[in-house]
Amino acid sequence: MRIKKKLFLTLFMSFTLVLLFPILAETALYHGMQSMIREDADRSNQAMLHQIQLMVDGKLREAEQLATQLSLHPRVQLMVKRMHDQAAPTVYEYKQLLDTLNLYKPSTDFILDYYIYLREQDTVVSPYTKADSATFYANYYKYETATEQDWLNNLQKGGSDHYYMPALPVIQKPTLASEQLITYIRPLPVGESGEASGALVLLIKEQRIKEMLEDPDDVQQTSFLITDHSGQIIASTVAGSLVDETLRKLDTIDSKKKLSFKIQEDTMRVAAIQSEQSGWRYISLSPESVFMQRVTTVQTWALWLLLFCLVFGLIGSFLFAKHYYSPLKRLLLSISSNRSIEPRSADGEYRFIEDTLQQSWHSEKQIKDILVKQKPAIQSNFLHQFIKGLTAADAIHQDSLASMGIHFESDVFTVILIEVDDPGKFSHVEGERQRSAVRFVVANVNRELIARHHLMYDVELDRNRLALLVNVHPNRLLHAFSDIKAAVEQSKSFIEESYGICTSIGIGDIHSGDVGASYAEALLALDFRLVKGRRRITHFREIPYNEQQYYYPIEIELQIMNAVKTGNFSSVSQLLDHIYDMNFESKPLSLQMGKFLAFNMMSTLMKIWNASPERFENVFGNQFNPLGSLVNCGSLMELHEQVKDIYQTICEAVLADKQDPGVILVDKIIEYIELHYSNNSLGLNTIADYFKLTPPYLSGLFKKHQGHNVSDFIMRLRVDKARELLLGDQLMLHEVAHRVGYANAAGFIRVFKKYMGVTPGKYREHMTQTAQQNAAVES
2 MRIKKKLFLT LFMSFTLVLL FPILAETALY HGMQSMIRED ADRSNQAMLH
52 QIQLMVDGKL REAEQLATQL SLHPRVQLMV KRMHDQAAPT VYEYKQLLDT
102 LNLYKPSTDF ILDYYIYLRE QDTVVSPYTK ADSATFYANY YKYETATEQD
152 WLNNLQKGGS DHYYMPALPV IQKPTLASEQ LITYIRPLPV GESGEASGAL
202 VLLIKEQRIK EMLEDPDDVQ QTSFLITDHS GQIIASTVAG SLVDETLRKL
252 DTIDSKKKLS FKIQEDTMRV AAIQSEQSGW RYISLSPESV FMQRVTTVQT
302 WALWLLLFCL VFGLIGSFLF AKHYYSPLKR LLLSISSNRS IEPRSADGEY
352 RFIEDTLQQS WHSEKQIKDI LVKQKPAIQS NFLHQFIKGL TAADAIHQDS
402 LASMGIHFES DVFTVILIEV DDPGKFSHVE GERQRSAVRF VVANVNRELI
452 ARHHLMYDVE LDRNRLALLV NVHPNRLLHA FSDIKAAVEQ SKSFIEESYG
502 ICTSIGIGDI HSGDVGASYA EALLALDFRL VKGRRRITHF REIPYNEQQY
552 YYPIEIELQI MNAVKTGNFS SVSQLLDHIY DMNFESKPLS LQMGKFLAFN
602 MMSTLMKIWN ASPERFENVF GNQFNPLGSL VNCGSLMELH EQVKDIYQTI
652 CEAVLADKQD PGVILVDKII EYIELHYSNN SLGLNTIADY FKLTPPYLSG
702 LFKKHQGHNV SDFIMRLRVD KARELLLGDQ LMLHEVAHRV GYANAAGFIR
752 VFKKYMGVTP GKYREHMTQT AQQNAAVES
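In the numbering used here, each residue's number is its place in the sequence shown (first place is 1) plus 1.
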């Protein structure tokens, strides 16, 4: 859609009219000059003087802007206001000040140089150097007609405004070149009366002002004089013999009138104007003898100037219009490229924007309606993230919380996790309806009781797990724990009695701001049901953490494995009960250590199973899954009973399997190996000769019932016997090697490390430390 550029044309015409108004007025003025040539010439001189004033004022304005920027810069103010009792500025601070001065280099050569005088430090800092005042005066800018003290007096002069020194010859070192310079001085700090703490100095080239004053063609031979408000000469192109006489007549010159007077037998036309900006007076002196000759030339130049202003004024009007139209153009392009709906009209830029805004507001209303419908899902998602500590409360604006229907009275929270173990009366309801009904009952009963003192929000975390976020009321901080404990106990009892819903509950500690920590604690408390049992309430602060090791020595594990292999369940049961009593009855065991113990006990079972998998599969088939049965246990007590049941089943299978002739023969082979394992010549051929069997048959029979070959069994047995011998420190390694059937220690060490992962020496050291720890535990 193409947009009509009405606004651009309006801006261009407005700037053009503003331009044409002074041009037309000036044209009418020139037409009125035809009848009064002298007056016309005077006006010409006045206009020229005015132009000079504008040019000079423009340059002075640039100088004042530079002075203002420098004097108000924070680094400059900091250095100027540094008192004598403060530490002297560091080299780095001076370097920063030098860098700051270098940032503001003037774009023209109207200003030769500038520097800052710091009175307290008696230091001068310029864009290229830093020196004390005496060094700077002597080596950079030395006034021919003023002493160093005069120069310092001017720099230390107080006042709330700047002032100028007249053009004076200044020697610039090291070139020793002399140049007329006007000194601009601004006391620092700006706007404070009294003695100055410093000064900002700009050195202005008088020659640049003279270049503005001089008539390039030198036809009218006009001379110029510039004075400040007190009559002091700032710059002059007047011959030295005329200056004194001209100054005596300055009091009669009005800035709005022209007059003539004789100086040295020549009538001079005088015009004067005073700048409102700087207070300077600009005076022109034109010899009347040549004045009339230039009237025509001036008039011609005026017409050309008029044409110049018109042409470049139109160009300027176009550029200004384009400049002010550019932001609106960018806005229109942005709207055009990003809008999804075309505006109804493109009749002008503002109409286009208005239509786009109307459509955007309509779309926003539709989005708000959608958000209202999605509010429960958004609230649930936020609470899910917030409870887990993924979103901080202080990072969410109150308006955003309000839009989700959430309000917090404080930044103190606790998290309660509820695991549904039995749906009770809702067990006959299937699928999602059951979950919704159970959640509705649990959440509403808890809200009814907790909301008596605190705020509560619920969110479903898993299929059977519900999280309650409790925002503690500021007036109940001291009673919050007892309030929540009583409410949860009452709600659990009511829900079980009324609906038969059985739950396990974990309650995190109360935290200020850190909701994620409370959630982690509640999760740990809920997991503690593995030790404490299901359908109970566990507070995080009730979990013991004092015991960081469990009792399950390797000797007990070996006894269990040997008893299972012989089918002696009575011995296995006594050992398992002993382990349970040592870890749970005689001392409190932490949840983490309880899990480690469970993993270790399951590991023992898997070792027994993996020792003869074919043997057990022949008895149990593929349906027996001991590991799955253990994983599904809800508490360590259940795990203990389940392990005993599994071991009983395995022991019964072992006893039943002993009736097989092949098993009987394998048991005799094992008995023979256990009697002769210390003989280093023991091997498959030796055993086959003893039992009058062929080696291949014996090897196949043994592997069928044991799951590994004869040589592997011999090495395992020797390693096990070596482990028993290594429990003490009386025997050397070569003695242990000979006793278990190895001719030398090197072969023994290699086999031992293959099966145990460590050398015999390291194993003995580790078992010694373990025995000491177990002794400490039993005591």
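Ideal Cβ positions, reconstructed from N, Cα and C, are used throughout, including at glycine.
Exercise. Following the continuous beta strand (DSSP E) through Ala236, name the residue where it begins and the one where it ends.
Key: Ile234 to Ser237
Quiz prompt | Within 8 Å, strictly: CB atoms of Leu201 and Ala64 | solution = no
Practice problem: Work out the CA separation of Gln575 and Val720 for me, nearest whole Å. | Solution: 27 Å
Quiz item: Residues bridged to Ala303 by DSSP?
Solution: Its beta-bridge partners do not exist; DSSP assigns none.
Quiz item: Excluding five sequence neighbours on each side, which residues of the same chain lie with their C-beta closer than 6 Å to the C-beta of Tyr786?
Solution: The question about residue 786 has no answer here: the residues shown for the chain are numbered 2 through 780.
Self-check item: Proximity below 8 Å, CB of Pro170 to CB of Glu145
Solution: yes
Practice problem: Please list, in chain order, all residues of the same chain as Val655 whose beta carbon is under 6 Å from its beta carbon, the five residues on each side excluded. | Solution: Gly568
Practice problem: For the region 664-678 and the region 709-719, state whether three or more C-beta atom pairs, one from each stretch, are separated by less than 8 Å. | Solution: yes
Practice problem: Hey, could you find the ends of the beta strand (DSSP E) Asp133 is sitting in? | Solution: Lys131 to Asp133
Quiz item: Does the Cβ-Cβ distance between Leu702 and Val667 come in under 8 Å?
Solution: yes
Practice problem: Would you kindly report the start and end of the unbroken beta strand (DSSP E) that includes Val191? | Solution: Neither: Val191 is in no beta strand (DSSP E) and is coded neither H nor E.
Quiz item: With a CB to CB cut of under 8 Å and the five nearest residues on each side skipped, what residues in its chain are close to Arg345?
Solution: With a pLDDT of 49 at Arg345, under the threshold of 50, the predicted position of this residue should be treated as unreliable, and no value is reported.
Quiz prompt | From Leu153, Trp281 and Leu203, residue whose alpha carbon lies closest to that of Ser231 | solution = Trp281
Practice problem: Pair every Cβ in the region 195-210 with every Cβ in the region 110-126, then say whether three or more of these pairs are closer than 8 Å. | Solution: yes
Practice problem: Return helix, strand or coil for Ala723, following the three-state DSSP convention. | Solution: helix
Quiz item: What do you get for Glu207, buried or exposed, if any count of 16 or more other CB atoms within 10 angstroms of its CB means buried?
Solution: buried
Self-check item: Nearest-angstrom Cβ-Cβ length linking Ala168 and Ile235, presumed shorter than 8 Å
Solution: 6 Å
Quiz prompt | Proximity below 8 Å, CB of Ala723 to CB of Val737 | solution = yes
Quiz item: Which residues bound the alpha helix (DSSP H) around Asp162?
Solution: Note, Asp162: premise wrong, no alpha helix (DSSP H); not H, not E.
Practice problem: Express the C-alpha separation of Met583 and Val752 in angstroms, rounding to a whole number. | Solution: 35 Å
Self-check item: Best match in Ile665, Asp100 and Ile227 for proximity to Ser786 [C-alpha to C-alpha]
Solution: In this structure the chain extends from 2 to 780, so residue 786 is not present and cannot be described.
Self-check item: Unbroken beta strand (DSSP E) run spanning Asp422, endpoints
Solution: Val413 to Asp423
Quiz item: In the structure shown, what three-state DSSP assignment does Phe111 receive?
Solution: coil
Practice problem: Put Ile671 into one of helix, strand or coil per three-state DSSP. | Solution: helix
Quiz item: For Phe13, is the classification buried or exposed, using 16 other Cβ atoms within 10 angstroms of its Cβ as the cut-off for buried?
Solution: buried
Exercise. Given a cut-off of 8 Å, decide if Ile24 and Leu307 are closer than it, judged by their beta-carbon atoms.
Key: yes
Exercise. Express the C-alpha separation of Val77 and Leu71 in angstroms, rounding to a whole number.
Key: 7 Å
Exercise. Please determine if the region 88-101 and the region 177-192 are in contact, where contact requires at least 3 C-beta pairs separated by less than 8 Å.
Key: no
Quiz item: Expressed to the nearest angstrom, what Euclidean distance is found between the alpha-carbon atoms of Ala564 and Lys705?
Solution: 21 Å
Quiz item: DSSP state of Pro128, grouped into three classes?
Solution: coil
Quiz prompt | Inter-residue spacing [alpha-carbon to alpha-carbon] between Phe409 and Ile371 | solution = 25 Å
Quiz item: Hey, Gly507 and Ala523: beta-carbon distance below 8 Å or not?
Solution: yes
Quiz prompt | Inter-residue Cα distance where the pair is Thr760 and Glu639 | solution = 38 Å
Quiz prompt | The alpha helix (DSSP H) enclosing Ala494, as first and last residue numbers | solution = Residue identity check: residue 494 is Ser in the sequence provided, not Ala. Segment Ala481 to Tyr500, the alpha helix (DSSP H) holding Ser494.
Quiz item: Roughly how many angstroms lie between the CA atoms of Arg434 and Val644, to the nearest whole one?
Solution: 37 Å
Quiz item: Excluding five sequence neighbours on each side, which residues of the same chain lie with their C-beta closer than 7 Å to the C-beta of His74?
Solution: Thr101
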